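Which chain is which? The protein sequence lines are A and B, in order.
All residue numbers in the first sequence are consecutive under my numbering, ending with 195.
All residue numbers in the second sequence are consecutive under my numbering, ending with 593.
All C-beta atoms in this analysis are idealised placements derived from N, C-alpha and C, irrespective of residue type, glycine included.
Quick caveat, the model's predicted, so the values are computed rather than measured.
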Amino acid sequence: MVDKFDLEEKPSKNAIKCKQKNEKQSTQPCIKTRLDKGVKSGFNIVTRIIEVSCQVLLVTQVIIVFYVVLGRYLFHNTPAWGEESALFCMVWLALLSSVLAFKEGRHLKMRVADYFLPSKVIKYLEIIVFAGVIIFSIFLLLTGISITKLTAGNTMTGMRIKSSWLYLSVPVTSVAMFLVIIEKIYLRIVVGKE
Amino acid sequence: MTIAAIILIGTFFFSILIEVPIVYALGISSIITTIYLGLPLETIVQNMVKGINVFALLAVPFFILAGEIMGAGGIATKLINLARALVGWMRGGLAMVNILASTFFGGISGSSTADTSALGSILIPSMKKEGYDGEFSTSITMASSVQAILIPPSHNVIIYSFAAGGLSVGRLFLGGLVPGVLLGIALMIYTYFISVKRNYPVSDKFDFKKAIISFGDAFLGLVTVLIVVVGVVGGIFTATEAAAAACVYAFIITFFVYREISIKEFPGILMKAIKTTSIIMVLIGTSSAFGWLLAYLRGPKLIYDIILGVSTNKAVVLLIINIILLFLGMIMDMSADILISTPVFLPIAMAVGIDPIHFGIIMMLNLGIGLITPPVGPTLFIGSSISGISIEKLSMSMIPLFIVMVVTLIFITYIPGIVMLLPNLLIP
Chain A
2 MVDKFDLEEK PSKNAIKCKQ KNEKQSTQPC IKTRLDKGVK SGFNIVTRII
52 EVSCQVLLVT QVIIVFYVVL GRYLFHNTPA WGEESALFCM VWLALLSSVL
102 AFKEGRHLKM RVADYFLPSK VIKYLEIIVF AGVIIFSIFL LLTGISITKL
152 TAGNTMTGMR IKSSWLYLSV PVTSVAMFLV IIEKIYLRIV VGKE
Chain B
166 MTIAAIILIG TFFFSILIEV PIVYALGISS IITTIYLGLP LETIVQNMVK
216 GINVFALLAV PFFILAGEIM GAGGIATKLI NLARALVGWM RGGLAMVNIL
266 ASTFFGGISG SSTADTSALG SILIPSMKKE GYDGEFSTSI TMASSVQAIL
316 IPPSHNVIIY SFAAGGLSVG RLFLGGLVPG VLLGIALMIY TYFISVKRNY
366 PVSDKFDFKK AIISFGDAFL GLVTVLIVVV GVVGGIFTAT EAAAAACVYA
416 FIITFFVYRE ISIKEFPGIL MKAIKTTSII MVLIGTSSAF GWLLAYLRGP
466 KLIYDIILGV STNKAVVLLI INIILLFLGM IMDMSADILI STPVFLPIAM
516 AVGIDPIHFG IIMMLNLGIG LITPPVGPTL FIGSSISGIS IEKLSMSMIP
566 LFIVMVVTLI FITYIPGIVM LLPNLLIP
């Protein structure tokens, strides 16, 4: 099932027009294309940062837990921060990676309406769903900030850092969500890609 | 209270009907209900984070990663060769190979979708070449991939163990083994009859030497499964620790022993594991928030009263729960299903005297069937995308296999011994 927000690189109408223009007057680059390219590479950098963070978090978790096992059997010593720090990575990984899944449209959904409703209605539904995701992200941002503040007084016992660092993952995730949402809107409306 | 429960469930179903992704549907319905109840909204975020922040659940991404590393290192081909040497001589040889390879690979990946994409992309084309029709080839790949959920280790079993309040993972692992193999045998019997009817070919002659060689080839990969199962059942380490060890072992075997791929491909493998994790873990988060609200509204108690009001007969209760689970399995994703329905149905099952291990394995197979049924069937989507056959056509060709699977489910449901034999024998 191909997702509606498919982001495969296809030359947009504007880009094709620009290309034709460029071929005619080869010295004058088309400003619109360059802007598009700049914005796109900006979004790609954001995605790349999230991807690399997720990779680092996953590897770190495995290493920590493996180290804890080794520590217990070989050195008879279990570090107090072990479990807590692996979980710390897990929470950040789970939330951040969900942004990637949203971007690529991989979150599972039930596609029953597709069979019963005309494609025009489906298009409107998509907009409603998109609005729903935006509202959910706003909710994550606001409650995320508030809970990060609320937990500033608590300390995580093993790692001896403030619990806020754990809950900070929520507002950070929502910011990343907003960037992806803006990217999707940009690709749809400004670049005019269907 | 009742109105709030109706709002929670109603907004959830409405959201998924208008095609909101399930993970957001769970979140949005929880938010609306929390606002209605006037509870602080922070409780939702807190429960989301709390749901993910569980040491036992760390095993989930670890198992996925270990499976991806082994898969990328060419274990699929080795296991197919092993299966081929063992059952390739039968009528419908390649279809049999497909089923047995799923049994082996299921142990390594623990995931029906990973199993379908790894084995299907190799076996479906070669089955077509030998004259099998595409729909049958794809259907048998998908149906046999459900074994991955049952054959230990399986990350869904870990999620169940957690949802059931910390059941012994070792006992659950052992409980899934026989039903997993039984499912494979049931599918093989069905395949045999189809193969005779359609005159599908025998693919190889049995060769003892070949079997030994291919076993030696696949052995190091199968050790991953042994590390986890023996480690957990023997109480040497927890499932999470075993899974981390399996990752490290898989890494060493793939990049330093098998050496079929270069270490440069490791980031790509990580990314694949993250892709799967990204769907499951956040779903665990929002399901926890949803489940917490449901419990707050005494949803489980309500359903407990309704079902036990209908009947207190063990067989009838199991039938009712199985039907509800089959329905939920069709419309929702497996991990969310497990987290939300375990606290609801497990107390009912226990009230009529069903062992939680037995119930868990019933649930795994039941929801596993949901992975290959429309409208929400991740394995079905993958099967369709690798074979190029439409979901509608595949769903139709799956019908006889669904029947085989449901019959297996009935056996497992009503003969507890199939599940309980090994755990009672080895971890009393």
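| Check | Outcome |
| --- | --- |
| The stretch 444-452 of chain B / the stretch 201-218 of chain B touching (three or more Cβ pairs under 8 Å) | yes |
| Reference residue 527 of chain B, options B:419, B:541, B:288, B:345, closest by Cα | B:345 |
| DSSP-derived helix/strand/coil call for residue 370 of chain B | coil |
| Presumed contact (8 Å Cβ cut-off) between residue 169 of chain A and residue 144 of chain A, rounded CB distance | Residue 169 of chain A to residue 144 of chain A, Cβ: 13 Å. No contact. |
| Under 8 Å (Cβ pairs) to chain B, residues found in the stretch 159-186 of chain A | 167, 168, 170, 171 |
| Environment of residue 464 of chain B [buried if 16+ CB atoms lie within 10 Å] | buried |
| Contact residues within the stretch 129-144 of chain A, judged by C-beta distance below 9 Å to chain B | 129, 130, 133, 134, 136, 137, 140, 141, 143, 144 |
| Residue 557 of chain B, buried or exposed, once every other Cβ within 10 Å from all chains shown has been counted against 16 | exposed |
| For residue 110 of chain A, the three-state DSSP class (helix, strand or coil) | coil |
| Paired residues, beta bridge with residue 156 of chain A - DSSP | A:163 |
| Residues bridged to residue 336 of chain B (per DSSP) | Answer is none; residue 336 of chain B lacks a bridge partner. |
| Residue 199 of chain B versus residue 167 of chain B - alpha carbon distance | 14 Å |
| is_contact[residue 101 of chain A, chain B] using C-beta, thresh 9 Å | yes |
| Residue 256 of chain B, DSSP secondary structure in three states | strand |
| Inter-residue Cα distance where the pair is residue 321 of chain B and residue 314 of chain B | 7 Å |
| Range of the contiguous alpha helix (DSSP H) that encloses residue 35 of chain A | 32-75 |
| Rounded distance between the beta-carbons of residue 254 of chain B and residue 369 of chain B, thought under 8 Å | 6 Å |
| Euclidean distance between Cα positions of residue 536 of chain B and residue 348 of chain B | 15 Å |
| Residue 175 of chain A beta carbon less than 9 Å from that of residue 151 of chain A | no |
| Listed by chain order, chain A residues near residue 450 of chain B by CB distance under 8 Å | 95, 96 |
| Nearest-angstrom Cβ-Cβ length linking residue 441 of chain B and residue 411 of chain B, presumed shorter than 8 Å | At roughly 16 Å, the Cβ-Cβ gap does not stay under 8 Å, so residue 441 of chain B and residue 411 of chain B are not in contact. |
| Boundaries of the alpha helix (DSSP H) in which residue 179 of chain B is found, first to last residue | 167-182 |
| For residue 147 of chain A, the three-state DSSP class (helix, strand or coil) | helix |
| Span of the alpha helix (DSSP H), counted from its first residue to its last, around residue 575 of chain B | 556-579 |
| Residue 165 of chain A versus residue 59 of chain A: straight-line alpha-carbon distance, rounded | 21 Å |
| Cβ of residue 109 of chain A within 9 Å of any chain B Cβ | yes |
| Min CB distance residue 212 of chain B to chain A below 9 Å | no |
| Where residue 424 of chain B falls: helix, strand or coil (DSSP) | coil |
| Residues near residue 532 of chain B by beta carbon distance below 6 Å, same chain, minus five either side | 494, 499, 502 |
| Start-to-end residues for the alpha helix (DSSP H) that takes in residue 130 of chain B | Residue 130 of chain B lies beyond the stretch modelled for chain B, which goes from 166 to 593, so this question has no answer here. |
| Short CB-CB distance (under 9 Å) between residue 188 of chain B and chain A | yes |
| N-terminal and C-terminal residue of the alpha helix (DSSP H) that residue 172 of chain A is part of | 170-186 |
| Rounded separation between residue 379 of chain B and residue 248 of chain B - CA only | 9 Å |
| Members of the stretch 73-93 of chain A that neighbour chain B once the beta carbon cut-off is set at 8 Å | 84, 87, 88, 91, 92 |
| Through-space distance from residue 111 of chain A to residue 540 of chain B, alpha-carbon basis | 6 Å |
| Residue 507 of chain B burial status per 10 Å Cβ neighbour count (16 or more: buried) | buried |
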